[in-house]
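What follows is a set of notes on a single structure, which appears directly below.
Residue numbers (mature numbering (1 follows the signal peptide of the UniProt record, and there is no 0)): -23 to -1, 1 to 167.
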C-alpha cells in the first residue's frame, strides 16, 4: 500500500544518508533488504553538503510522495464513489427495465385484447351484413307481394266499380221498365 511504500522509501533515503555515493551503490542489495547502515562504519560518513543535498531531496521526495499519496487517496475515494454511483445506476436501470417489461407485457395484452375485439367486431359486422341483406331481400319480396296485391285490389275495385256501374245501369233500366209497366198498369186500370 502507499504507507508501506513511503516507509520503504524513507528507509532507503535514511540508508543513503549514512553512506557515501560509492557505498550506496555497493550496498544497494542491503537497501532492498531494509537493513540499516551502522553509523560507526567509516563508509557511512557523508559530508555536510551531501547531507544537506540529501535532506533537500528527502524533503522533496517526501512532499512528492505525500502529494501522490493524497492524489491516490482522492482517486481511490472518487473510484469508490463512482463504483457506488454505478451500482446505484445499475439498480435504477434494472428497476426501469423491469417496469418497461411489465408495461410492455401489459400493452401486448391490451393489443391482443383489442385485436380479438376487432376480429369479433369484424365477424359480427359480416354476420349482421348478411342478416341485413336477407332482411332487405325479404322486405323487397314482401313489398313486391304487397304491390302485386295492391294492383290486384285496384283491379278488383275497378272491376267491382264496373260491375256496380253495370248493375246500376241494369237497375235503372229495370226500374224504368217497371215504372213504365206500372204506369201502363195504372193507366189500364183507370
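Even for Gly, the Cβ is constructed at its ideal location relative to N, Cα and C.
Practice problem: State the Cα-Cα distance for the pair residue 26 and residue 62, rounded to the nearest angstrom. | Solution: Taking the straight line from one Cα to the other gives about 53 Å.
Quiz item: Is residue 24 helix, strand or coil when you go by DSSP?
Solution: DSSP places residue 24 outside both helix and strand once states are collapsed to three, so it counts as coil.
Exercise. Can you grab the Cα-Cα spacing for the pair residue 94 / residue 83, in whole Å?
Key: For residue 94 and residue 83, the distance between alpha carbons rounds to 16 Å.
Quiz prompt | Span separating the alpha-carbon of residue 7 from that of residue 52 | solution = Note on residue 7: pLDDT 44, under 50, position unreliable in the model; no value is reported.
Quiz item: Do you know offhand how far residue 123's Cα is from residue 139's?
Solution: Taking the straight line joining both Cα atoms gives about 23 Å.
Exercise. Rounded to whole angstroms, what's the CA-CA distance from residue 67 to residue 47? Just pull it up for me.
Key: If I take the Cα positions, the gap works out to 29 Å.
Self-check item: Through-space distance from residue 164 to residue 145, alpha-carbon basis
Solution: Taking the straight line joining both Cα atoms gives about 27 Å.
Quiz item: Roughly how many angstroms lie between the CA atoms of residue 104 and residue 69, to the nearest whole one?
Solution: So the two alpha carbons sit approximately 52 Å from each other.
Practice problem: State the Cα-Cα distance for the pair residue 125 and residue 112, rounded to the nearest angstrom. | Solution: Rounded to the nearest whole angstrom, the CA to CA distance from residue 125 to residue 112 is 19 Å.
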